[in-house]
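Peer 1: Pasting a structure here, questions to come.
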Amino acid sequence: MALAERLGNLGTETAFAVSLAAADWASKGNRVYPFHLGDINLPTPANIAEAMNVAIAEGKTGYCAAAGIAPLREALAHDIGQRRGLTYEPTNVVVQPGGKPVIGKFIQAVMNPGDGVLYPNPGYPIYESMIEYYGGQSLAYRYVQTDTGFAIDIDHLRDQIASASGRVTAIIYNNLQNPLGCESSPQEMQAIADIAIEHDLLVLADEAYFEMRYSGDSTSIASLPGMQDRTVILYTFSKKFAMTGWRLGAAVAPIAIAESLAKLNTNDESCTTHFVQAAGVAGITGSGDGPKAILDELHRRRDAAWAELAQIDGLVCPRPEATFYLFPKVTDLMARMGFDEVGAFATAALHHTGVSFCTRKHFGRPQPGEQHHFVRFAYSGLSVDDIQEGLSGLRRWIEAAK
Ligand SMILES: Cc1ncc(COP(=O)(O)O)c(C=O)c1O
Numbered sequence: 018m019a020l021a022e023r024l025g026n027l028g029t030e031t032a033f034a035v036s037l038a039a040a041d042w043a044s045k046g047n048r049v050y051p052f053h054l055g056d057i058n059l060p061t062p063a064n065i066a067e068a069m070n071v072a073i074a075e076g077k078t079g080y081c082a083a084a085g086i087a088p089l090r091e092a093l094a095h096d097i098g099q100r101r102g103l104t105y106e107p108t109n110v111v112v113q114p115g116g117k118p119v120i121g122k123f124i125q126a127v128m129n130p131g132d133g134v135l136y137p138n139p140g141y142p143i144y145e146s147m148i149e150y151y152g153g154q155s156l157a158y159r160y161v162q163t164d165t166g167f168a169i170d171i172d173h174l175r176d177q178i179a180s181a182s183g184r185v186t187a188i189i190y191n192n193l194q195n196p197l198g199c200e201s202s203p204q205e206m207q208a209i210a211d212i213a214i215e216h217d218l219l220v221l222a223d224e225a226y227f228e229m230r231y232s233g234d235s236t237s238i239a240s241l242p243g244m245q246d247r248t249v250i251l252y253t254f255s256k257k258f259a260m261t262g263w264r265l266g267a268a269v270a271p272i273a274i275a276e277s278l279a280k281l282n283t284n285d286e287s288c289t290t291h292f293v294q295a296a297g298v299a300g301i302t303g304s305g306d307g308p309k310a311i312l313d314e315l316h317r318r319r320d321a322a323w324a325e326l327a328q329i330d331g332l333v334c335p336r337p338e339a340t341f342y343l344f345p346k347v348t349d350l351m352a353r354m355g356f357d358e359v360g361a362f363a364t365a366a367l368h369h370t371g372v373s374f375c376t377r378k379h380f381g382r383p384q385p386g387e388q389h390h391f392v393r394f395a396y397s398g399l400s401v402d403d404i405q406e407g408l409s410g411l412r413r414w415i416e417a418a419k
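Printed below as a string of structure tokens:
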């Protein structure tokens with residue numbers, strides 16, 4: 018059967034393949050500690066679930082506006098604007114079934130085939146997939162290690178623009194970052210804004226983790242001078258409200274782009290589920306302390322996971338203040354244990370300890386010249402006890418190999 022050629026350019030979230038391997042290992046009667054998927058095993062706050070039941074009882078079960086229901090667009094314009102020190106109108110907000118659809122729709126709205134789009138690598142794998150699927154030139158920018166975490170290699174990013182064969186139209190910027198857990202310094206964020214203005218780039222600010230932080234405050238690149246009119250914010254309910262499976266998010270965009278995104282909605286899914294949107298209004302406007310309880314629990318899990326990993330000799334692990342990922346370097350540890358391929362190391366860890374995790378290879382195509390090995394632990398899907406049990410087992414296995 019001959020399928021469309023463009024499917025050859027479509028990537029995927031290969032972390033789901035790690036889920037399959039973990040499920041297969043579990044089906045053979047083994048205990049598995051699932052650190053591979055950034056899902057949250059905490060309930061959605063009750064006020065949101067109740068609002069959904071009420072909305073269904075009220076008959077909010079039919080089609081609704083492609084760009085989203087008015088109360089949700091209003092609530093999001095106010096909430097997202099206020100948290101960033103910006104003013105948005107409901108017409109800037111286009112509701113989506115999750116944060117992820119914003120990525121492909123942004124690419125479709127701003128990129129012509131052959132245009133270059135800059136994206137973080139390691140980064141969320143859907144950026145690379147969507148740029149290439151829609152015929153763009155994927156321009157990966159990379160990170161360097163610092164004493165406390167990771168920083169964008171700005172010189173390399175500028176080189177990527179200079180060496181692009183076509184026009185460069187956009188940059189995808191994910192702050193706070195998956196999988197690295199890192200956050201831009203004010204200087205780094207300003208440097209990205211300067212580059213966007215200098216090269217007249219539109220920016221997709223993926224702010225999926227904007228409120229997922231344990232100390233300090235988040236800043237949006239949209240709030241830097243000259244940036245609001247060239248930035249589309251990706252917003253999602255998935256993390257803050259533990260709503261990954263509900264599929265609710267939004268794009269916040271300059272009007273011309275917002276209108277195009279709404280038109281894409283009409284073509285793709287008609288609308289986001291009405292009663293799910295009504296529940297989202299309750300989440301944004303409600304006084305429930307659900308998001309705080311979720312964040313407090315993730316904080317405890319961060320501390321537990323980091324404390325275990327930090328004890329492992331040969332594993333270098335920054336302790337991020339945001340997201341729910343740890344991204345340690347395992348080069349020395351792998352060498353000591355006799356592994357030269359990170360996938361083989363991950364498989365051996367699963368089979369010896371039940372600890373399942375992703376590797377750097379799941380976050381965009383590895384770039385030429387990369388010398389070190391990294392893995393990612395997502396601690397959002399395990400209790401503190403399970404985190405301690407799983408990671409201490411991993412530590413003992415590594416130590417025994419000395
Ligand atoms: C950086 C980043 N952007 C976007 C998304 C998509 O979020 P959603 O589940 O709302 O589609 C994720 C999900 O893990 C993410 O890590």
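Quick note: to get this note's numbering, add 17 to the position in the sequence shown (first position is 1). All C-beta atoms in this analysis are idealised placements derived from N, C-alpha and C, irrespective of residue type, glycine included. Since this is a predicted model, take the numbers as computed values, not measurements.
(1) Tell me whether Gly360 sits in a helix, a strand or coil according to DSSP, three-state version.
(2) Ile178 by DSSP, collapsed to three states: which one?
(3) Looking at Tyr50 and ligand 1, is the gap between the Cβ and the nearest heavy atom below 7 Å?
(4) Please go through the same chain and pick out, in chain order, the residues whose beta-carbon is closer than 7 Å to the beta-carbon of Thr261, but skip the five residues on each side of it.
(5) Would you tell me roughly how many angstroms separate the C-alpha atoms of Val161 and Pro88, rounded to the nearest one?
(6) How is Asp223 classed by DSSP in three states: helix, strand or coil?
(7) Cβ-heavy atom distance between Ser201 and ligand 1 below 7 Å?
(8) Beta-carbon within less than 6 Å of Arg377's beta-carbon, same chain only, minus the 5 sequence neighbours each way: which residues are those?
(9) Relative to the alpha-carbon of Gln99, which residue among Leu411, Glu228, Cys288 has its alpha-carbon at the smallest distance?
(10) Between the Cα of Glu106 and those of Arg336, Ala84, Val347, spot the shortest distance and give me the residue it belongs to.
(11) Using alpha carbons as the reference points, say which of Tyr144, Ala296, Gly360, Met354 lies closest to Arg413.
(12) Short check: CB of Ala295 to CB of Met69, under 8 Å?
(13) Would you please state the rounded distance, in angstroms, between the beta carbons of Val35 and Trp42? I believe it to be under 8 Å.
(14) Would the segment 235-247 count as touching the segment 149-169 if we require 3 or more Cβ pairs under 8 Å?
(15) Between Ala225 and ligand 1, is there a pair consisting of the residue's CB and a ligand heavy atom that are separated by less than 7 Å?
(16) Does any heavy atom of ligand 1 sit closer than 7 Å to the C-beta of Asp141?
(17) When burial is assigned at 16 or more other CB atoms within 10 Å of the CB, is Arg264 buried or exposed?
(18) Give the list of continuous beta strand (DSSP E) stretches no shorter than 3 residues that lie fully inside the segment 140-193.
(19) Beta carbon of Asn138: closer than 7 Å to some heavy atom of ligand 1?
(20) Below 7 Å, is the gap between the Cβ of Asn16 and the nearest heavy atom of ligand 1?
(21) Does Ile415 come out as helix, strand or coil in the three-state DSSP assignment?
(22) Thinking Pro114 and Thr283 are a contact (beta carbons under 8 Å), I'd like their distance in whole angstroms, please.
(23) Going by the C-beta, is Asn58 closer than 7 Å to any heavy atom of ligand 1?
(24) Within the continuous alpha helix (DSSP H) that includes Ile73, where are the two ends?
(25) Could you give the uninterrupted runs of the alpha helix (DSSP H) lying entirely in the segment 317-397, keeping only those of 4 residues or more?
(26) Using the DSSP secondary-structure output, state which residues sit across from Tyr252 in a beta bridge.
(27) Would you mind reading off the limits of the alpha helix (DSSP H) that contains Gly508?
(28) Assuming contact is defined by CB atoms lying nearer than 8 Å, are Lys122 and Ala268 in contact in what I supplied?
(29) Please state the DSSP three-state secondary structure of Gly133.
(30) Taking C-beta to C-beta, are Pro250 and Ala222 nearer than 8 Å?
(31) Using the three-state DSSP reduction, which class does Pro196 fall into: helix, strand or coil?
(32) Ignoring anything shorter than 4 residues, give me the alpha helix (DSSP H) runs that lie fully in the segment 86-121, in order along the chain.
(33) Within 10 Å of its beta-carbon, does Pro424 have 16 or more other beta-carbons around it, so buried, or fewer, so exposed?
(34) Rounded to the nearest angstrom, what separates Ile124 and Met147 at their Cα positions?
(35) Less than 7 Å between C-beta atoms, sequence neighbours within five positions excluded: which residues of the same chain meet that for Ser44?
(36) Going by C-alpha distance, which of Pro196, Gln405, Ile212 is nearest Val185?
Peer 2: Based on what the coordinates show:
(1) helix
(2) When DSSP states are grouped into helix, strand and coil, Ile178 belongs to the helix group.
(3) no
(4) Asp56, Ile57, Ser255
(5) 43 Å
(6) strand
(7) Not under cutoff, so the answer is no.
(8) Pro139, Phe391
(9) Glu228
(10) Comparing C-alpha distances from Glu106 to each of Arg336, Ala84, Val347 shows the shortest one belongs to Ala84.
(11) Met354
(12) In this structure, the beta-carbon distance from Ala295 to Met69 falls below 8 Å.
(13) That belief does not hold up - the Cβ atoms of Val35 and Trp42 are roughly 11 Å apart, past 8 Å.
(14) no
(15) yes
(16) The displayed chain sequence assigns Tyr, not Asp, to residue 141. Correct: Tyr141 has its Cβ closer than 7 Å to ligand 1.
(17) buried
(18) 154-158, 160-162, 167-169, 185-191
(19) no
(20) Residue numbering for the chain in the displayed model covers 18 to 419; residue 16 lies beyond these limits and cannot be assessed.
(21) helix
(22) With 8 Å as the limit, Pro114 and Thr283 do not qualify as a contact, their Cβ atoms being about 13 Å apart.
(23) no
(24) Looking at the DSSP string, the run of the alpha helix (DSSP H) that includes Ile73 is 63-74.
(25) 348-354, 359-370
(26) Ala267
(27) Shown here, the chain extends from 18 to 419; a query on residue 508 therefore has no answer.
(28) With contacts defined as CB atoms closer than 8 Å, Lys122 and Ala268 qualify as a contacting pair.
(29) strand
(30) The displayed chain sequence assigns Ile, not Pro, to residue 250. Yes, they are a contact pair.
(31) Coil, per DSSP.
(32) 87-101
(33) Outside the shown range of the chain (18 to 419) lies residue 424, about which nothing can therefore be said.
(34) 7 Å
(35) none
(36) Ile212
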